[in-house]
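*Asks:*
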Amino acid sequence: MSKDIRIKRGLSLKLEGEAEKELVKAPRSKTYAIKPPDFHALVPKMVLKEGAKVLAGDELFFSKYTDELRFTSPVSGTLKTIKRGEKRKIMEVIIEADPEDTYRDFGKMDAASSDAEAVKQRVLESGCGAFINQRPYDIVADPKDTPKAIFISAVSTAPLAPDWGFILKDKIAAFQEGVNALKKLTPGKVHLAVDASSAQYLKDIKGVELHTVKGPHPAGNVGIQIHKIDPINQGDRVWTVNPEDVTIIGNVFLTGKFIADKTVAVTGSEATNRKYFSTIIGAEVADIINKVDEDVRIISGNVLTGLKLAYDQHISFFSNEVTLIPEGNNYRAFGWLPFTYNNIHSNSRTSLSFLFPNKKFKPTTNLNGEERALVVTGEMEEVLPMDVYPMQLIKACMAGDIEKMENLGIYEVAPEDFALVEYVNTSKIEIQEVIRLGLDLMITEVG
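In full-length UniProt numbering, the protein residues as written are 1 to 447.
(1) Under a three-way DSSP split, which group does residue 442 fall into?
(2) Just the Cα atoms here: how many angstroms apart are residue 432 and residue 129?
(3) For residue 228, count neighbouring C-beta atoms within 10 Å of its own C-beta (all shown protein chains included) and say buried if the count is 16 or more, exposed if not.
(4) Here's the rule: buried if 16 or more other CB atoms are within 10 angstroms of the residue's CB, otherwise exposed. What is residue 200?
(5) Taking the CB atoms as reference points, tell me whether residue 314 and residue 32 lie closer together than 8 Å.
(6) With a threshold of 7 Å on Cβ separation, who are the neighbours of residue 383 within its own chain once the five nearest residues in sequence on each side are excluded?
(7) Is there contact here, the segment 265 to 277 with the segment 12 to 19, by at least three beta-carbon pairs under 8 Å?
(8) Whole alpha helix (DSSP H) runs in the UniProt domain "NqrA second alpha/beta" (115 to 258) with 4 or more residues, listed along the chain?
(9) Report the rounded CA-to-CA distance for residue 225 versus residue 444, giving the unit in angstroms.
(10) When you compare only the Cα positions, how much space is there between residue 262 and residue 221?
(11) Just to check my reading of the structure: residue 258 and residue 57 have Cβ atoms closer than 8 Å, yes? What is that Cβ distance to the nearest angstrom?
(12) For residue 109 and residue 54, I'd like the C-alpha separation in whole angstroms.
(13) Going by DSSP, what residue range makes up the alpha helix (DSSP H) through residue 393?
(14) By a C-beta neighbour count over all protein chains shown, 10 Å radius and 16 as the cutoff for buried, is residue 65 buried or exposed?
(15) With DSSP run on the structure shown, which of helix, strand or coil describes residue 280?
(16) What residues in its chain sit with their C-beta under 6 Å from that of residue 451, if we drop five residues either side in the sequence?
(17) For the alpha helix (DSSP H) containing residue 402, name the first residue and the last one.
(18) What residues in its chain sit with their C-beta under 6 Å from that of residue 198, if we drop five residues either side in the sequence?
(19) Could you tell me which residues DSSP puts in a beta bridge with residue 63?
(20) If we ignore side chains and look at the alpha-carbon of each, how far apart do residue 365 and residue 357 end up?
(21) Secondary structure at residue 430, three-state DSSP: helix, strand or coil?
(22) Does the Cβ-Cβ distance between residue 52 and residue 75 come in under 8 Å?
(23) Just verifying my parser: in three-state terms, what is the DSSP assignment at residue 265?
(24) Return the residue from the list 320, 391, 235 that minimises the CA-CA distance to residue 302.
(25) Near residue 400, what residues of its chain come up, given a Cβ to Cβ distance below 7 Å and the 5 sequence neighbours on each side ignored?
(26) Can you name the residues that DSSP bridges to residue 424?
(27) Buried or exposed: residue 374, going by 16 or more other Cβ atoms within 10 Å of its Cβ?
(28) State the Cα-Cα distance for the pair residue 304 and residue 412, rounded to the nearest angstrom.
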């Protein structure tokens, strides 16, 4: 019996460029990359040197501060390049792939009948610990912690978000085994949130507490679901896992192999081949999208929280979506006048587009204004369905006031929860960055 969660506050952006429900096998990339910056606050220590041969599942690097946390190769091949940035920070570990993968054999294991410590060791040695994130702070989970609960959100509410039901429909056995493994990692419950699409495939999953979520974005954010189901207090640890990553964990137990398959939806108004592509973690962008002009922005993720990519780069570790939209590199004459441009979405109704609630819009990266000292009362609260005061929390993060941040709910939030707040915010402040810096301060000062 599922429990209903109904979200009323929020905003669902209707955009052009939804992916067709057609799964296509992407060409095998020549190179694949694991990017340590995808794992916030991680300091990697390399195990191998350039030129080393690797099997799929071999360890590439581990966390400097938690050596149990290992990161493994998604393919077999040769470690081609270790790209470094400022202060020799490792930015990318690039593997030149073999024509076909050869896997390291971890051995099959029945997660349900194995003891918790054995399951935990299998998750860590195979590199699957990288898929598990921790709240508070939205960082890779520390395996030394014991979470009070684990959350999986199979709810799609973000703009042009991939349909989890479509992605998971042929992976139910692996998903169930992944859930069996995750149950061993917590004394609490494994919570699974579903919507109308994913519910038809996941409603019979055993060992979870099922929640049916309805409402506008950000209803699909796992942070919103945690807030409604089992809020985080100081000292609590909650772990989260993306739905398809649960199937990768499950396959490690079913097959004994780290099979890093990834389904990526190509979306956006500028995408010419809007489909779902079956590929591997860290694949090259060029293998799933056609060559684009300079005035097109490639985003790994959705338009609210994704990261900018170049055509010759690799898809981010956690991304199940690549979005293509026009660059906002054009100046709009008299753009400050209300009702001048009525083909863009405006939450503050400075455009007549609000008269067409079902119209799909073609967004650009244009901010339509610079940062300004304006605060509109109540606009942030309209799109954040959490019992926090967003404006006051943002100010506390800017000021670095730890006590106020704690009192205002910093332990419950992640940058993605403030993506819509940033979108509707009249002052044009980079709010997700502000929240991220606040969380980083908490990691340093409180831990």
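Glycine residues also receive a C-beta, built at the ideal position from the N, C-alpha and C atoms. These numbers come from a predicted model, not from an experiment.
*Replies:* Here's the rundown:
(1) Residue state, collapsed to three classes: helix.
(2) Answer to the nearest angstrom: the Cα atoms are 25 Å apart.
(3) With 16 or more other Cβ atoms within 10 Å, it is buried.
(4) Under this definition residue 200 is an exposed residue.
(5) Yes, these two residues count as a Cβ contact at 8 Å.
(6) Cβ within range, chain order: 9, 10, 11, 420, 421, 424.
(7) When C-beta atoms of the segment 265 to 277 are compared with those of the segment 12 to 19, three or more pairs fall below 8 Å, so the two segments count as touching.
(8) Counting whole runs of 4 or more residues, the UniProt domain "NqrA second alpha/beta" (115 to 258) contains the alpha helix (DSSP H) stretches 116 to 125, 164 to 168, 172 to 183, 196 to 202, 222 to 229, 243 to 255.
(9) Put simply, the backbone Cα of residue 225 is about 26 Å away from that of residue 444.
(10) So the two alpha carbons sit approximately 20 Å from each other.
(11) Yes, they are in contact, since the Cβ atoms of residue 258 and residue 57 sit about 4 Å apart, within 8 Å.
(12) Spanning the two alpha carbons is a distance of roughly 23 Å.
(13) Looking at the DSSP string, the run of the alpha helix (DSSP H) that includes residue 393 is 390 to 399.
(14) Taking all protein chains shown into account, residue 65 has fewer than 16 neighbouring C-beta atoms within 10 Å of its C-beta and is therefore exposed.
(15) Strand at residue 280.
(16) The question about residue 451 has no answer, for the chain in this structure spans 1 to 447.
(17) Residues 402 to 407.
(18) Correct list, in chain order: 154, 164, 165.
(19) Bridge partners of residue 63: 44.
(20) Straight-line measurement puts the Cα of residue 357 at about 22 Å from the Cα of residue 365.
(21) DSSP, reduced to helix, strand and coil, places residue 430 outside both helices and strands of the structure shown, so it counts as coil.
(22) Note that the C-beta distance between residue 52 and residue 75 is not below 8 Å.
(23) When DSSP states are grouped into helix, strand and coil, residue 265 belongs to the strand group.
(24) The candidate whose alpha carbon is nearest that of residue 302 is 320.
(25) For residue 400, where only same-chain residues beyond five positions count, the Cβ hits under 7 Å are 441.
(26) Note: residue 424 sits in no beta bridge, so no partner.
(27) When all chains shown are included, residue 374 counts as exposed.
(28) Here the C-alpha atom of residue 304 lies approximately 20 Å from the C-alpha atom of residue 412.
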